[in-house]
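Asker:
There are 2 protein chains.
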Amino acid sequence: MLRLALPRLPRLGPVRRFHQSGSRRRRAQLTAKTYPALRRDERFAQLTDADVAHFRHELRGSNAVLEDDDDGSELAGYNRDWMGKYRGQSRLVLRPESTEEVRRILEYCHERRLAVVPQGGNTGLVGGSVPVFDEIVVSLARLQTIHSLDDTSGCLVLDAGVLLETADSYLAERGFIFPLDLGAKGSCQVGGNVATNAGGLRLLRYGSLHGSVLGMEAVMPDGTILDDLCTLRKNNTGYDIKQLLIGSEGTLGIITKLAVQCPPRPAAVNVAYLGLGSFTAARRAFREARSRLSEILSAFELMDRRSQQVVRAVRGADFRRPLEDDELPFYCLIETSGSDAAHDYEKLERFLEFVLSEGIVADGVVAQDATQAKALWNWREAIPECVGHWGGVYKYDVSIPMTDMYSLVEDVRARLIQQKLMAPESSQSSSPSSSSQDAFTVQAVIGYGHMGDANLHLNVAVRQYDRRVEEALEPFVYEWIGARRGSISAEHGLGLAKRDFIRYSRSETMVMLMKKIKELYDPKGIMNPYKYLK
Amino acid sequence: MLRLALPRLPRLGPVRRFHQSGSRRRRAQLTAKTYPALRRDERFAQLTDADVAHFRHELRGSNAVLEDDDDGSELAGYNRDWMGKYRGQSRLVLRPESTEEVRRILEYCHERRLAVVPQGGNTGLVGGSVPVFDEIVVSLARLQTIHSLDDTSGCLVLDAGVLLETADSYLAERGFIFPLDLGAKGSCQVGGNVATNAGGLRLLRYGSLHGSVLGMEAVMPDGTILDDLCTLRKNNTGYDIKQLLIGSEGTLGIITKLAVQCPPRPAAVNVAYLGLGSFTAARRAFREARSRLSEILSAFELMDRRSQQVVRAVRGADFRRPLEDDELPFYCLIETSGSDAAHDYEKLERFLEFVLSEGIVADGVVAQDATQAKALWNWREAIPECVGHWGGVYKYDVSIPMTDMYSLVEDVRARLIQQKLMAPESSQSSSPSSSSQDAFTVQAVIGYGHMGDANLHLNVAVRQYDRRVEEALEPFVYEWIGARRGSISAEHGLGLAKRDFIRYSRSETMVMLMKKIKELYDPKGIMNPYKYLK
Numbered sequence: 001m002l003r004l005a006l007p008r009l010p011r012l013g014p015v016r017r018f019h020q021s022g023s024r025r026r027r028a029q030l031t032a033k034t035y036p037a038l039r040r041d042e043r044f045a046q047l048t049d050a051d052v053a054h055f056r057h058e059l060r061g062s063n064a065v066l067e068d069d070d071d072g073s074e075l076a077g078y079n080r081d082w083m084g085k086y087r088g089q090s091r092l093v094l095r096p097e098s099t100e101e102v103r104r105i106l107e108y109c110h111e112r113r114l115a116v117v118p119q120g121g122n123t124g125l126v127g128g129s130v131p132v133f134d135e136i137v138v139s140l141a142r143l144q145t146i147h148s149l150d151d152t153s154g155c156l157v158l159d160a161g162v163l164l165e166t167a168d169s170y171l172a173e174r175g176f177i178f179p180l181d182l183g184a185k186g187s188c189q190v191g192g193n194v195a196t197n198a199g200g201l202r203l204l205r206y207g208s209l210h211g212s213v214l215g216m217e218a219v220m221p222d223g224t225i226l227d228d229l230c231t232l233r234k235n236n237t238g239y240d241i242k243q244l245l246i247g248s249e250g251t252l253g254i255i256t257k258l259a260v261q262c263p264p265r266p267a268a269v270n271v272a273y274l275g276l277g278s279f280t281a282a283r284r285a286f287r288e289a290r291s292r293l294s295e296i297l298s299a300f301e302l303m304d305r306r307s308q309q310v311v312r313a314v315r316g317a318d319f320r321r322p323l324e325d326d327e328l329p330f331y332c333l334i335e336t337s338g339s340d341a342a343h344d345y346e347k348l349e350r351f352l353e354f355v356l357s358e359g360i361v362a363d364g365v366v367a368q369d370a371t372q373a374k375a376l377w378n379w380r381e382a383i384p385e386c387v388g389h390w391g392g393v394y395k396y397d398v399s400i401p402m403t404d405m406y407s408l409v410e411d412v413r414a415r416l417i418q419q420k421l422m423a424p425e426s427s428q429s430s431s432p433s434s435s436s437q438d439a440f441t442v443q444a445v446i447g448y449g450h451m452g453d454a455n456l457h458l459n460v461a462v463r464q465y466d467r468r469v470e471e472a473l474e475p476f477v478y479e480w481i482g483a484r485r486g487s488i489s490a491e492h493g494l495g496l497a498k499r500d501f502i503r504y505s506r507s508e509t510m511v512m513l514m515k516k517i518k519e520l521y522d523p524k525g526i527m528n529p530y531k532y533l534k
Numbered sequence: 001m002l003r004l005a006l007p008r009l010p011r012l013g014p015v016r017r018f019h020q021s022g023s024r025r026r027r028a029q030l031t032a033k034t035y036p037a038l039r040r041d042e043r044f045a046q047l048t049d050a051d052v053a054h055f056r057h058e059l060r061g062s063n064a065v066l067e068d069d070d071d072g073s074e075l076a077g078y079n080r081d082w083m084g085k086y087r088g089q090s091r092l093v094l095r096p097e098s099t100e101e102v103r104r105i106l107e108y109c110h111e112r113r114l115a116v117v118p119q120g121g122n123t124g125l126v127g128g129s130v131p132v133f134d135e136i137v138v139s140l141a142r143l144q145t146i147h148s149l150d151d152t153s154g155c156l157v158l159d160a161g162v163l164l165e166t167a168d169s170y171l172a173e174r175g176f177i178f179p180l181d182l183g184a185k186g187s188c189q190v191g192g193n194v195a196t197n198a199g200g201l202r203l204l205r206y207g208s209l210h211g212s213v214l215g216m217e218a219v220m221p222d223g224t225i226l227d228d229l230c231t232l233r234k235n236n237t238g239y240d241i242k243q244l245l246i247g248s249e250g251t252l253g254i255i256t257k258l259a260v261q262c263p264p265r266p267a268a269v270n271v272a273y274l275g276l277g278s279f280t281a282a283r284r285a286f287r288e289a290r291s292r293l294s295e296i297l298s299a300f301e302l303m304d305r306r307s308q309q310v311v312r313a314v315r316g317a318d319f320r321r322p323l324e325d326d327e328l329p330f331y332c333l334i335e336t337s338g339s340d341a342a343h344d345y346e347k348l349e350r351f352l353e354f355v356l357s358e359g360i361v362a363d364g365v366v367a368q369d370a371t372q373a374k375a376l377w378n379w380r381e382a383i384p385e386c387v388g389h390w391g392g393v394y395k396y397d398v399s400i401p402m403t404d405m406y407s408l409v410e411d412v413r414a415r416l417i418q419q420k421l422m423a424p425e426s427s428q429s430s431s432p433s434s435s436s437q438d439a440f441t442v443q444a445v446i447g448y449g450h451m452g453d454a455n456l457h458l459n460v461a462v463r464q465y466d467r468r469v470e471e472a473l474e475p476f477v478y479e480w481i482g483a484r485r486g487s488i489s490a491e492h493g494l495g496l497a498k499r500d501f502i503r504y505s506r507s508e509t510m511v512m513l514m515k516k517i518k519e520l521y522d523p524k525g526i527m528n529p530y531k532y533l534k
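Heads up: the sequence lines are chains A and B, in that order.
With the first letter of the first sequence counted as 1, position 130 gets the number 130 in UniProt numbering; the numbers rise by one all the way through.
With the first letter of the second sequence counted as 1, position 139 gets the number 139 in UniProt numbering; the numbers rise by one all the way through.
1) Would you check if the distance between the CB atom of residue 209 (chain A) and the CB atom of residue 180 (chain A) is smaller than 8 Å?
2) Could you tell me the alpha carbon to alpha carbon distance between residue 537 (chain B) and residue 253 (chain B), rounded to whole angstroms?
3) Should residue 147 (chain A) be labelled buried (16 or more other beta-carbon atoms within 10 Å of its own) or exposed?
4) Please return the same chain residues whose Cβ sits closer than 8 Å to the Cβ of residue 47 (chain B), not counting the five positions on each side in sequence.
5) Kindly list the residues whose CB is nearer than 6 Å to the CB of residue 109 (chain B), restricted to its own chain and excluding five residues on each side of it in sequence; keep chain order.
6) At which residue ranges does the stretch 86 to 117 of chain A contain complete alpha helix (DSSP H) runs of 4 or more residues, listed in the order of the chain?
7) Any idea if residue 583 (chain B) is buried or exposed, counting beta-carbon neighbours within 10 angstroms, 16 or more meaning buried?
8) For residue 388 (chain A) versus residue 464 (chain A), is the C-beta distance shorter than 8 Å?
9) Could you name each continuous alpha helix (DSSP H) segment of 4 residues or more that falls completely within the stretch 133 to 217 of chain B, going from the start of the chain to the end?
10) For residue 517 (chain B), which residues in the same chain have their Cβ closer than 8 Å to its Cβ, ignoring the five residues on either side in sequence?
11) In angstroms, rounded to a whole number, what distance separates the CA positions of residue 579 (chain B) and residue 483 (chain B)?
12) Under the three-state reduction of DSSP, which class applies to residue 386 (chain A): helix, strand or coil?
13) Can you give me the C-alpha to C-alpha distance between residue 495 (chain A) and residue 236 (chain B), rounded to a whole angstrom?
14) Any idea what DSSP makes of residue 301 (chain A), helix, strand or coil?
15) Cα separation between residue 536 (chain B) and residue 81 (chain A)?
16) Name, please, each residue of chain B whose Cβ falls closer than 9 Å to the Cβ of residue 339 (chain A).
17) Can you tell me whether residue 18 (chain A) is buried or exposed? The criterion is at least 16 other CB atoms within 10 Å of its CB, across all chains shown.
18) Who are the neighbours of residue 175 (chain A) on chain B, taking C-beta pairs under 8 Å?
19) Answer with buried or exposed for residue 492 (chain A), where buried requires no fewer than 16 other C-beta atoms within 10 angstroms of its C-beta.
20) At 3 residues or longer, what runs of the beta strand (DSSP E) sit wholly inside the stretch 391 to 447 of chain B?
21) For the structure I just gave you, are there three or more beta carbon pairs, one from the stretch 353 to 373 of chain A and one from the stretch 283 to 291 of chain A, closer than 8 Å?
22) Looking at the structure shown, is residue 272 (chain B) part of a helix, part of a strand, or coil, going by DSSP?
23) Against chain B, which members of the stretch 232 to 254 of chain A pass a CB distance test of less than 8 Å?
24) Given this structure, state the Cα-to-Cα distance separating residue 305 (chain B) from residue 335 (chain B), to the nearest angstrom.
25) Helix, strand or coil: how does DSSP classify residue 351 (chain A) here?
26) Going along chain A in order, which residues have a C-beta closer than 9 Å to the C-beta of residue 455 (chain B)?
27) Give me the Cβ distance between residue 260 (chain B) and residue 213 (chain B), rounded to the nearest whole Å; I'm assuming they're in contact under 8 Å.
28) For residue 119 (chain B), which beta-bridge partners are listed by DSSP?
29) Using only CA atoms, which one of A:57, A:369, A:185 lies nearest to residue 162 (chain A)?
30) Output, in sequence order along the chain, the residues in the stretch 483 to 494 of chain A whose CB is closer than 8 Å to any CB in chain B.
31) For residue 257 (chain A) versus residue 99 (chain A), is the C-beta distance shorter than 8 Å?
32) Only counting runs of 4 or more residues, tell me where the alpha helix (DSSP H) segments fall wholly within the stretch 218 to 279 of chain A, in order along the chain.
Here it is in structure tokens:
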């Protein structure tokens, strides 16, 4: 019998959120310096004392209007991103407590032509939620109400500023699940999730937000309220305008409320962790999982050897490895979620027996309880945090047709070695303090991600950000993806980081059609300027 | 044990497609006469011989350009809808065989300001796919190629003119399923399905087309090609413009190709047919099904007593009833689709035991094989056809929050009886030829639909179309729905039939935001005029 059991997996604390990682301590350089070609658009008005007085009059609450102090520390958290890559120079943060207040803000800013950056949990990875120059930050943090849950249909109505984790906990108590999950759930807001069309860990099972978001209330750039808070699954009465705001990253308006279709919460969750001898084997395993686990397959995550070495090296020996053999080229985490524990376990067991007996999978374990399941997930979720250990990380979040998915990592690695920016493979060590590597800027090139969605995270870990590394990576990575008709940003979005590269994934015609939308709804261009489309 | 078995369900022929029903024989009145307030927009050019010659030169194939003959019979099928409600006066049908030919057509029509009606399978219910005056019909019937299926990801790339049934059969042979199914599958085209955002029978399980359509190629009104045939599940690079065309009913462009995410085909399908004592019981049954059948629940269809009486009366005694007691107020059809027959049957059995023992369900049967399953589906799918038996049908396809869902049928029935347009309930008979009913125009008011999506079909069967009935129904039905924040068109769309009523489901602001989109992409208004937005 090839039945697997997980013998001695230790108990571990909860997974730390990756946005609380060490990199937060760094003080970022001003974005205006990092991107010297960017100039403040002088068509935007300068903020005056009269503007501030106006907002103080319009918004309720003692902490609704935050002005910067002289050393910039008061607004520091609103001006910078968590990775320490972007830093803006906003001198005003507005924290409205209602849709009506958001409407007043935008109507006024539109009239005065004051530029605005909407900000949710500020957990993004592409600099989309922080200002570049002196844009006014509009934080949604005070829109905190969960309005209703229809316990027959599963439709949840809630404010944009509700934390994803809060929403999911509320649903858990009532037998439902939020159709989205991601590492930053303790800090990110559902409005920001929808504005960036977050993908995350449950997309394979519950589909994209374009299908799950039933209704939306949003304030358009001129203060018009898009009132489409439909709670019905079907409503074919006109163009589905709200779809444009899903993934618009704050450039078309500010989402204030959402109606989200939430599925019943699965009663049973199983997690397996498998080791594989090649990427071809990982692809075969995915195909078998999709066919044999079918409706209960809820995650199929890929991790390469280097990513697991990094987690082990950073977390230390206490972080017990799931498999004896931790030098296999690939590892996969498979999760099932279903309504019947016995049925699900039986399906998973049959799947595992098949892939082991066929030699598709070299080794594997199955969690026997929730603690073990969490520990296995830790090997996946710890990667983004651990890879930041050396200093900085160049992060690429791409979609590539599955056949070619991992070749990108190999090609990037070869290129960096060839350019002498990274130690040759033979001399690489998993230890962060290895002396042979010290001479090189690049410490690790790792690949991991949501294999079920053909979504790869390519991370290049460096001791410090370095122009030579950047030049080796870009536009190389984008050209590589463009040539294979992939997406240069699968789930992270464009923001400032990817703005200049959209044409590797979209034609000039598509960009033109998009720009027309932007000009239509935001003719003065006040919403989140300098980003998204160029 | 309350285990159910279906003892003697007879073998039946395949379900006849409802679009082949008897009503097709009627010759419809010209739409221009039915809607006397409509006037031809004289800004549109008149078709000339030079235009026809131009198209003959541009399009390949002997049947690419069809002109009307003197008695109008040549183009009759393109000018009328299948229900016999709408009849246009087009004198030219174009049948392009490629995206490039569609592009040439629209570029020329835009330049000349010739109005155009795109036409797929012409199976719609709101007059959206036939001309009103002399618009040129552009049929997509020759765009027939299935381009590719990625057998790892399940992404299918195909032409807009492929029949839904053809696409699904292609997928069935390869272990996949199209995420949409509906009664007209033998005639409707996938391009038309997406253009009308068809909902159908699998939405409960596989979600809406806004989530399933990964990529699209379309020709915009000025001939610009929207080239977004992305085959990736994740691609966050700019506004998702294609979403606007999903449900745009031919008013923003012509869809030419699609990339659709297709799930693995379920290995096991079970069907149960239940009788229930009240609508409250039906709601409880749905909640239990959603929670207990969870990931395998693929349909939960509601039928009222009157709908089943009508099917029985029209089909005759050979059409053996599933339950002995056919005078219960409600019947439900439940379908499960999963990857393991034994598991699924076990789950279904436990669900049935529970709802029977709790008294939620009064009686029920479970199909023991595919033939019996088909026979049970027949009692649901035969409704739209049988209800047309008397002559005409006023059809409403609405979404209403589930608590109130069936009250609409009761209120409409009471209103028609009160206005003496229908026999009092006590004297109603299920026989189409009952003499006591003959004095009345309205023969039956029935309610059925996709309970899982809170989507009700209200059908009012009449001996002939009658202005008094229409005035009793409208705007009454729309006001009723508007007051409950429902949708006046859940899946059928707006077309011409619902154009004037959109404001019962959408605010003036939403309509204004929609109109801006129409003016942006179709400034000359040539695409499917007179319909959709007013």
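Glycine included, each C-beta is placed from N, C-alpha and C at the ideal position.
Answerer: By the coordinates alone:
1) The residue given as residue 209 (chain A) occupies position 209 in the first sequence. The residue given as residue 180 (chain A) occupies position 180 in the first sequence. In contact: residue 209 (chain A) and residue 180 (chain A) (Cβ atoms closer than 8 Å).
2) Outside the displayed span of chain B (1 to 534) sits residue 537 (chain B), for which this structure offers no information.
3) Here residue 147 (chain A) refers to the residue found at position 147 of the first sequence. Classification for residue 147 (chain A): exposed.
4) What you label residue 47 (chain B) is simply residue 47 of the second sequence in a count that begins at 1. The answer, listed in chain order, is 91, 92, 114, 134, 136.
5) Numbered from its first residue, the second sequence carries residue 109 (chain B) at position 109. Closer than 6 Å at Cβ, skipping near neighbours: 116, 526.
6) 99 to 112
7) A question about residue 583 (chain B) goes unanswered here, because the residues of chain B that appear run from 1 up to 534.
8) Against the first sequence, residue 388 (chain A) aligns to sequence position 388. Against the first sequence, residue 464 (chain A) aligns to sequence position 464. In this structure, residue 464 (chain A) does not lie closer than 8 Å to residue 388 (chain A) by Cβ.
9) 164 to 172, 190 to 195, 203 to 206, 209 to 212
10) The residue you call residue 517 (chain B) lines up with position 517 of the second sequence. Contacts found: 244, 252.
11) Within the shown structure, residues of chain B are numbered from 1 to 534, placing residue 579 (chain B) beyond reach of any answer.
12) Along the first sequence, read from residue 1 onward, the residue named residue 386 (chain A) stands at position 386. If DSSP states are grouped into helix, strand and coil, residue 386 (chain A) belongs with the helices.
13) If you number the first sequence from 1, residue 495 (chain A) lands on position 495. If you number the second sequence from 1, residue 236 (chain B) lands on position 236. Those two C-alpha atoms are separated by around 10 Å.
14) In the first sequence, residue 301 (chain A) corresponds to position 301, counting from 1. Strand, per DSSP.
15) Residue 536 (chain B) lies beyond the residue range present for chain B, which begins at 1 and ends at 534; the question has no answer from this structure.
16) Mapped onto the first sequence, residue 339 (chain A) falls at position 339. Correct list: 291, 292, 293, 294, 295, 296, 347.
17) Here the question's residue 18 (chain A) lines up with position 18 in the first sequence. Unreliable placement is indicated for residue 18 (chain A), whose pLDDT of 32 sits below 50; no coordinate value is reported for it.
18) As a first step, residue 175 (chain A) is located in the first sequence; it is residue number 175 there, counting from the start. Ordered by position in chain B, the residues that pass the 8 Å Cβ test against residue 175 (chain A) are 291.
19) Indexing the first sequence from 1 puts residue 492 (chain A) at position 492. Label assigned to residue 492 (chain A): buried.
20) 392 to 399
21) Contact between the stretch 353 to 373 of chain A and the stretch 283 to 291 of chain A is present: 3 or more CB-CB pairs across the two stretches fall below 8 Å.
22) Translated into positions along the second sequence, residue 272 (chain B) becomes position 272. Three-state DSSP puts residue 272 (chain B) in a strand.
23) For the stretch 232 to 254 of chain A, the set of residues with a beta-carbon nearer than 8 Å to any beta-carbon of chain B comprises 232, 233, 234, 235, 236, 237, 238, 239, 240, 241, 243, 244, 246, 247, 248, 252, in chain order.
24) Here residue 305 (chain B) is taken as the residue at index 305 of the second sequence, counted from 1. Here residue 335 (chain B) is taken as the residue at index 335 of the second sequence, counted from 1. Going from the Cα of residue 305 (chain B) to the Cα of residue 335 (chain B) covers about 20 Å.
25) Residue 351 (chain A) sits at position 351 when you count from the first residue of the first sequence. Here residue 351 (chain A) sits in helix by DSSP.
26) Position 455 of the second sequence, counted from the first residue, corresponds to residue 455 (chain B). Listed by position along chain A, the residues whose Cβ is nearer than 9 Å to that of residue 455 (chain B) are 232, 233, 234.
27) The sequence position of residue 260 (chain B) within the second sequence is 260, counting from 1. The sequence position of residue 213 (chain B) within the second sequence is 213, counting from 1. Contact check for residue 260 (chain B) and residue 213 (chain B): beta-carbon distance about 6 Å, within the 8 Å limit, so the pair qualifies.
28) Locating residue 119 (chain B) in the second sequence gives position 119, where the first residue counts as 1. Per DSSP, B:139.
29) Here residue 162 (chain A) corresponds to residue number 162 of the first sequence, with the count starting at 1. In terms of Cα proximity to residue 162 (chain A), the closest of A:57, A:369, A:185 is A:185.
30) 485, 486, 487, 488, 489, 490, 491, 492, 493, 494
31) Taking the first residue of the first sequence as position 1, residue 257 (chain A) is located at position 257. Taking the first residue of the first sequence as position 1, residue 99 (chain A) is located at position 99. Less than 8 Å divides the Cβ of residue 257 (chain A) from the Cβ of residue 99 (chain A).
32) 242 to 245
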